[in-house]
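Quick note: to get our numbering, add 540 to the position in the sequence shown (first position is 1).
Below is one structure, written out as structure tokens, with a few remarks after it.
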Amino acid sequence: MLSGKSILITGGTGSFGHAFVRTVLARYRPARVAIYSRDELKQYEMAQEYPQPQLRWFIGDVRDRERLCQAMRGIDVVIHAAALKHVPVAEYNPMECIKTNVYGAENVIAAALDNEVERVIALSTDKAANPVNLYGASKLASDKLFIAANNIAGRHRTRFSVVRYGNVVGSRGSVLPLFRRLLAEGARELPLTDARMTRFWITLDEGVDFVLASLARMQGGELFVPKLPSARMSDLVSALDPEVGIRIIGIRPGEKLHEIMCPRDDARLTLEFADHYVIRPSITFVQPVDYCCNARGEAGCAVDDEFEYHSGTNPHFLSVPQLRALIERCI
541 MLSGKSILIT GGTGSFGHAF VRTVLARYRP ARVAIYSRDE LKQYEMAQEY
591 PQPQLRWFIG DVRDRERLCQ AMRGIDVVIH AAALKHVPVA EYNPMECIKT
641 NVYGAENVIA AALDNEVERV IALSTDKAAN PVNLYGASKL ASDKLFIAAN
691 NIAGRHRTRF SVVRYGNVVG SRGSVLPLFR RLLAEGAREL PLTDARMTRF
741 WITLDEGVDF VLASLARMQG GELFVPKLPS ARMSDLVSAL DPEVGIRIIG
791 IRPGEKLHEI MCPRDDARLT LEFADHYVIR PSITFVQPVD YCCNARGEAG
841 CAVDDEFEYH SGTNPHFLSV PQLRALIERC I
């Protein structure tokens with residue numbers, strides 16, 4: 541699928557970018573893989589880890605449309621992973637979040653159209669469904685931009701889709717590295733905002749696999765959601781150390797008790813497939829698409845009108861032993 545293709549990943553020095561590059565180089569023979577990010581130190585360090593000649597390195601910000609246009613010349617596939625994504629940081633720096641997550645999305649779309657990129661997948665988040673924080677609201681706006689871009693494309697060959705998933709186990713800035721660091725420093729209790737809190741969980745490798753599968757399935761305009769297990773945050777603490785205590789510190793600005801990936805309001809647009817859901821666009825495209833059968837030939841069916849994919853009511857919860865095994869696998 542990606543052999544012989546030229547690929548660009550924005551925010552490519554992040555956790556997802558590392559895992560994506562590693563997987564693509566192992567499975568395919570891409571013509572080139574361009575890493576687009578604004579941190580020269582992270583690019584330098586990543587270049588030492590991946591010395592393969594097909595990698596290219598572009599210093600640039602998604603806020604810079606001209607630089608994006610330069611970087612996308614000759615590119616076939618774009619994975620848009622760049623984002624300002626920490627909830628409290630976005631709450632205290634709202635315009636910076638909007639400039640990166642919303643204006644940046646607009647720039648990626650324009651650059652992809654200008655360069656006749658074949659396919660664009662934008663990474664979203666569970667926080668974009670019924671958002672209560674600015675990060676989630678900005679990603680919802682980004683999702684809408686990418687989906688509507690299929691109409692803007694007109695005669696261009698470019699097609700745009702979105703992938704939405706939950707918390708990535710062990711990713712940079714996530715709670716797992718924080719808890720492990722505190723335990724290594726001798727902490728005998730760990731901070732938890734609320735004992736009732738639940739989240740969807742996915743590993744980096746699972747996230748990469750789902751993005752690659754979505755690239756093969758996409759027709760343009762879909763929002764792909766994987767079927768994932770949920771976990772109670774209190775069980776995560778027990779999985780790390782059954783003897784450690786919990787200190788409740790209260791909900792942070794913009795934080796939810798539970799996350800939703802397919803809202804009930806979108807049930808009329810949601811299709812269920814074997815291992816994922818697809819939320820169809822609410823707008824009508826110039827060229828109609830039958831999303832019930834994807835580009836792989838897989839068939840989906842409509843969900844119930846009251847369907848909601850919610851981390852607190854998800855039928856699949858990870859037990860403490862399963863969480864412990866998951867953590868050990870991801871370390």
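Every residue gets a Cβ at the ideal spot worked out from N, C-alpha and C, and that includes glycine.
Along the length of the stretch 759 to 839, whole beta strand (DSSP E) runs at least 3 residues long occupy 763 to 766, 770 to 772, 785 to 788, 800 to 802, 810 to 812, 816 to 819, reported in chain order. Using a C-beta cut-off of 8 Å, the stretch 666 to 685 makes contact with the stretch 633 to 653, since at least three inter-stretch Cβ pairs fall below that distance.
Where residue 731 is concerned, the enclosing beta strand (DSSP E) starts and stops at 729 to 732. At least 8 Å separates the beta-carbon of residue 768 from that of residue 817.
Leaving aside the five residues that flank residue 546 on each side, the residues in its chain whose CB is nearer than 6 Å to its CB run, in chain order, 571, 572, 614, 615, 616.
By the criterion of a C-beta distance shorter than 6 Å, residue 759 is surrounded in its chain by 829, 835, once the five residues flanking it on both sides are discounted.
Inter-segment contact for the stretch 783 to 793 and the stretch 832 to 850 is absent: fewer than three beta-carbon pairs are separated by less than 8 Å. In this chain, residue 576 is not harboured by any alpha helix (DSSP H); it is covered by the beta strand (DSSP E) spanning 572 to 577. Residues of the same chain with a CB within less than 7 Å of the CB of residue 845, apart from the 5 flanking positions on each side, are 807, 808 in chain order. Per the C-alpha coordinates, the member of 849, 633, 579, 682 positioned closest to residue 739 is 849.
Buried is the label assigned to residue 819, since at least 16 other Cβ atoms lie within 10 Å of its Cβ.
Counting of Cβ neighbours within 10 angstroms places residue 576 among the buried residues, the total reaching 16 or more. Non-local beta-carbon contacts of residue 673 in its own chain, meaning distances under 6 Å to residues more than five positions away in sequence, involve 627, 794 in chain order.
Around the beta carbon of residue 856, a 10 Å sphere encloses fewer than 16 other beta carbons of the protein chains shown; the residue is thus reported as exposed. Contact between residue 734 and residue 811 does not hold, since the beta-carbon distance rounds to 33 Å and is not under 8 Å. Counted as a single uninterrupted DSSP element, the alpha helix (DSSP H) harbouring residue 563 occupies residues 555 to 567. Bridge pairing for residue 740: 770 [DSSP]. For residue 542, the secondary structure class from DSSP, reduced to helix, strand or coil, is coil. DSSP lists no bridge partner for residue 696. As computed with DSSP, residue 841 is found in a beta bridge with 812.
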